[in-house]
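**Q** Handing you a structure now.
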Amino acid sequence: MIRKATLLAALSAALLAPLVAVAPGAAATKTSVSSASAAARQELSVSITSITPDVPKNVTDVIKITGTVRNGTGAPMSGLQVRLRYDAQKVTDRAAMAAYLSDQNNQTLPFNVSTRNSFMDIPPLAAGASQRWEITATPVQLGLREFGVYRIAVDVAQYRVPITAERTMLTYAPVTPQRPPRNKLAIALPVIDQPHRATDDNLFIDDKLSQSIAGKGRLADLLQIAQSAPTSVTWVIDPALLNDLNAMTKGYKVRTKDGEQSQPASTQAGQWLTGMRTALASSPVAAIPYADPDVAALAHQGLDSQTKRAIELGGQSAKALLSRNAKTNVNWPAAGVLDPDALDLLAISGVNTVLLNSTNLPPQPPVTTTPDAAATLDSVNGPVTALVADAELSKLFEPASGTSVLLSTQRFIAETAMVAGEPGQVLPRSLVVAPSRRWSPNPALVTALIKTAGRLPWLQLAPLESLKPGKASVPRAGLTYTEQDRKEELSRKYLAPVADAWSKAQLTSLITAEKTQSRFDAAVLRLTSSAWRNSTRAGRAATKLVSAVVDAQTNKIQITGSGPDRPRTLAGSNGVVPISVKNSLSTPVELLVEVKSNNPELLLINADRPVWSLPIGGGQIGTIQVPMSAAPDTSGDATVTVQLRTADGQAYSKPQRLTIRTTGYTGIALVIVGAALTVMLAAVVTRLLRRRSQRRLARAKTRESESV
44 MIRKATLLAA
54 LSAALLAPLV
64 AVAPGAAATK
74 TSVSSASAAA
84 RQELSVSITS
94 ITPDVPKNVT
104 DVIKITGTVR
114 NGTGAPMSGL
124 QVRLRYDAQK
134 VTDRAAMAAY
144 LSDQNNQTLP
154 FNVSTRNSFM
164 DIPPLAAGAS
174 QRWEITATPV
184 QLGLREFGVY
194 RIAVDVAQYR
204 VPITAERTML
214 TYAPVTPQRP
224 PRNKLAIALP
234 VIDQPHRATD
244 DNLFIDDKLS
254 QSIAGKGRLA
264 DLLQIAQSAP
274 TSVTWVIDPA
284 LLNDLNAMTK
294 GYKVRTKDGE
304 QSQPASTQAG
314 QWLTGMRTAL
324 ASSPVAAIPY
334 ADPDVAALAH
344 QGLDSQTKRA
354 IELGGQSAKA
364 LLSRNAKTNV
374 NWPAAGVLDP
384 DALDLLAISG
394 VNTVLLNSTN
404 LPPQPPVTTT
414 PDAAATLDSV
424 NGPVTALVAD
434 AELSKLFEPA
444 SGTSVLLSTQ
454 RFIAETAMVA
464 GEPGQVLPRS
474 LVVAPSRRWS
484 PNPALVTALI
494 KTAGRLPWLQ
504 LAPLESLKPG
514 KASVPRAGLT
524 YTEQDRKEEL
534 SRKYLAPVAD
544 AWSKAQLTSL
554 ITAEKTQSRF
564 DAAVLRLTSS
574 AWRNSTRAGR
584 AATKLVSAVV
594 DAQTNKIQIT
604 GSGPDRPRTL
614 AGSNGVVPIS
624 VKNSLSTPVE
634 LLVEVKSNNP
644 ELLLINADRP
654 VWSLPIGGGQ
664 IGTIQVPMSA
674 APDTSGDATV
684 TVQLRTADGQ
694 AYSKPQRLTI
704 RTTGYTGIAL
714 VIVGAALTVM
724 LAAVVTRLLR
734 RRSQRRLARA
744 KTRESESV
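As structure tokens, this is what we get:
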């Protein structure tokens, strides 16, 4: 009679009164259950705090489950009982497990309620009070017979009417001759941030990094995880973040509304770098391209050279700051998605492995089991290995705030066990965990999951790069890149001034004698970061700062004396006009000077090729002598255009117009001048003859006087 009443009570509180014997004075409480149950479901809570062992292996293992009941209703409660509910039928697939765990309906809880040690009466709870509970059971009591994942829940009932419950999974793994295949699991943990510097003179656009590396900051949490993680975990790092932190160790400036604010050298930044360098000394490290550029946007806007340079600079920076070589052949694109254009750009830049979101490379045809993570993609540079992250496993590494570490660990055990036990899967497969690239991790949770993965008999932790397509691989559709994916890229409008700054920055390096890489590469690459997808205003502000610095550098080489109010004179119909270029840089440069007449009917450049090579020392002025000639019978002003160029002919800065004032003589003017010269010569001759005659006359008079 009591069992029948229990079953009926679960369906209707109204039937409880005639079927359940209660103590005197409890009737009023029972009659209030129906009206108070809705509020109690919201405010009475039950939580599971431990399950040991988390994976029972023998039918006689005692499974101990503990937790807490809390009365948050604001009123005392009595008649409470905590019960273990279970289903002896194992879950058929991962989708069914996800549906069960997300369901909040008490009617869908496991039906079985064990009667041996799997329930506990809770004494009356005052408002706001909590009570610990403990229940036990064995696999044989729960009817568990074979390897698999089973539904369990712990509910709290009032007079046997379920009020609220917490659901989880229990994995049973008996030791049998036929063990499930041991799948490879690669865990890729990102250390990726947004750029915080504008220029390389230690000018920061914000001071968020100082908060992130301190206390419970995001980067401080990542370091904590790295210090305890096994060497099989792969770390994916943005070298630009390391550079920003390194800059902070030397003192830096922060851009503010009122200008700039100086900050002292950060000892915490140095400690973080040292700690990460030590923690990752033996772990596999992959360096993404410097500053995490939006490769898809660069490919679609024709900015191909930036990706290769970002990969080169990323490898160099990671080596310098981690004191080791980091892999640069692995790429994790923004949002884990790319299209064939971006894939080709990465492939020709040296990338042969990409880490992708599961939506970007789905199986084709669809499969009901978990596909192998590794696949092969074709690119213009040959095959590229694609590693597809498992969406559910990856989400477990970054749950919502307040998520239980225990329940996440139980879910992780269940998910991986389900994969190992899926029907028809006899070959080991590969799995990849990759939380979102700019995640905020819970160190306790991530550390627990990694530790759990290392001891599960159906998993083998492996470095990311060790996963290769094999016999377990399934056919996949081509790269799925949606219109929404395209809209999320950095726009053409955003990238236009970035491309302009890049071009100018490259020119400053091409005119130097060493032809080295531009010193602005890192600054401009930070402007291409995918981090600006959701913060284009901050990206544009940084672009203005960098562009101003690049322009200032470009303007340090100028043609002197330009402008219409400063004409240069060509004396005569033929001659040379000096054109000078000032180099205000501290290093020598070598450039070409191209001079063209804008008025060839008035002024000609007397050279087969009007281009002159001009080396100029640091802080000096260089001058070329340009032969010019004025057209016959003309005089006045003409203009020439002077264009500075690099050694390979690229225009350097804007062309300048110079005014040339001609003073050449025409043919008539020459006749007039000749006649004038003749008249002058005749006058001079007449004067000379007159003076000679006067001297003769004077000598004659002198002789006459002497004779007398």
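Counting from 1, position 431 in the sequence shown corresponds to residue 474 in our numbering; the numbering is continuous, with no gaps.
Don't be surprised by glycine CBs; every beta carbon is placed ideally from N, CA and C.
For clarity, every value in this text was computed on a predicted model and none was experimentally measured.
1. Just the C-alpha distance for GLN686 and SER672, rounded to the nearest angstrom, thanks.
2. Starting from GLY313, trace the beta strand (DSSP E) in both directions and tell me its first and last residue.
3. Could you give the first and the last residue of the continuous alpha helix (DSSP H) run that contains SER362?
4. Could you tell me which whole beta strand (DSSP E) segments of length 3 or greater appear in the segment 109-145?
5. Inspect the CB distances between the segment 263-283 and the segment 313-333 and report whether three or more fall short of 8 Å.
6. Cα separation between ALA697 and ASN286?
7. Report the residue from ARG609, GLN453, THR412, SER616 whose alpha carbon sits nearest the alpha carbon of ALA491.
8. Tell me the start and end of each unbroken beta strand (DSSP E) in the segment 377-430 that is at least 3 residues and wholly inside, in chain order.
9. Suppose the cutoff is 6 Å on Cβ atoms and the five residues either side in sequence are ignored; what does the same chain contact list for SER627 look like?
10. Going along the chain, which unbroken runs of the alpha helix (DSSP H) with 4 or more residues stay wholly within the segment 212-290?
11. Straight-line CA distance for TRP315 to THR495?
12. Between the Cα of PRO518 and those of LEU404, ARG298, ALA457, spot the shortest distance and give me the residue it belongs to.
13. Of the residues GLN349, GLN124, VAL197, which one's Cα is nearest the Cα of SER765?
14. Secondary structure at TYR295, three-state DSSP: helix, strand or coil?
15. Alpha carbon to alpha carbon, how far is ASN395 from ASP146? Give it in angstroms, no decimals.
16. By DSSP's criteria, LYS494 is part of a beta bridge. Which residues make up the other side?
17. For GLY117, is the classification buried or exposed, using 16 other Cβ atoms within 10 angstroms of its Cβ as the cut-off for buried?
18. With C-beta atoms as the reference, is TYR193 less than 8 Å away from LEU568?
19. Can you have a look at ARG137 and say buried or exposed, based on whether 16 or more other CB atoms are within 10 angstroms of its CB?
20. What does DSSP give as the partner residue(s) for MET461 in the beta ladder?
21. In angstroms with no decimal places, state the Cα-to-Cα distance between ARG480 and LEU436.
22. What did DSSP end up calling VAL328 once you bin it into helix, strand or coil?
23. Please report the distance separating the alpha-carbon of ALA169 from that of ARG175.
24. Put LEU588 into one of helix, strand or coil per three-state DSSP.
25. Buried or exposed for ASP236, please, with buried defined as at least 16 other CB atoms from any protein chain shown within 10 angstroms of its CB.
26. How close, in whole Å, do the beta carbons of ALA380 and TYR524 come, if the pair is a contact with beta carbons under 8 Å?
27. Which runs of the beta strand (DSSP E), 3 residues or longer, sit entirely within the segment 597-645?
28. Helix, strand or coil for PHE190, going by three-state DSSP, please let me know.
29. Can you tell which of PRO282, GLU637, SER629, ALA432 has the C-alpha that lies nearest to the C-alpha of ALA694?
30. If you drop the 5 nearest sequence neighbours on each side, which residues of the same chain put their C-beta closer than 6 Å to that of LEU645?
31. With respect to the alpha helix (DSSP H) encompassing TYR537, which residues constitute its N-terminal and C-terminal limits?
32. Determine the DSSP secondary structure at LEU657, reduced to helix, strand or coil.
33. Identify whether ASN149 lies in helix, strand or coil by the three-state DSSP scheme.
34. Which residue wins for smallest C-alpha separation from PRO414, given the options VAL423, ALA429, GLY425, HIS343?
35. So who's on the other strand from ARG704, going by DSSP bridges?
**A** Answer, in terms of the structure:
1. 20 Å
2. Boundaries around GLY313 are those of the alpha helix (DSSP H), 310-322, since no beta strand (DSSP E) includes it.
3. Looking at the sequence itself, residue 362 is Lys, so the reference to Ser does not match. Where LYS362 is concerned, the enclosing alpha helix (DSSP H) stretches over 348-365.
4. Entirely contained in the segment 109-145, the beta strand (DSSP E) runs reaching 3 residues are, in chain order, 123-129.
5. yes
6. Going by the sequence as given, residue 697 is Lys instead of Ala. C-alpha separation (whole angstroms): 34 Å.
7. GLN453
8. 396-399, 417-422
9. LYS599
10. 251-255, 261-271
11. 27 Å
12. LEU404
13. The structure shown has nothing for residue 765, since the chain only spans 44 to 751.
14. TYR295 carries a strand assignment under DSSP once its states are collapsed to helix, strand and coil.
15. 42 Å
16. Bridge partners of LYS494: none, in fact.
17. Of the residues assessed, GLY117 falls on the exposed side of the cut-off, its CB having fewer than 16 other CB atoms within 10 angstroms.
18. no
19. Under this definition ARG137 is a buried residue.
20. Checking the DSSP bridge columns, you'll see MET461 has no partner listed.
21. 15 Å
22. Correct three-state label for VAL328: strand.
23. 14 Å
24. helix
25. Looking at its Cβ environment, which holds 16 or more other Cβ atoms inside 10 Å, ASP236 is buried.
26. According to the sequence provided, residue 380 is Val. The question's Ala does not apply to it. Right, the Cβ-Cβ distance comes to about 6 Å (below 8 Å), so this counts as a contact.
27. You should have 600-602, 611-613, 617-626, 632-640.
28. coil
29. Nearest C-alpha to ALA694: GLU637.
30. ALA674, THR677, ALA681
31. 535-553
32. In the structure shown, LEU657 sits in a strand (DSSP, three-state: E or B).
33. helix
34. ALA429
35. THR612, ASP680
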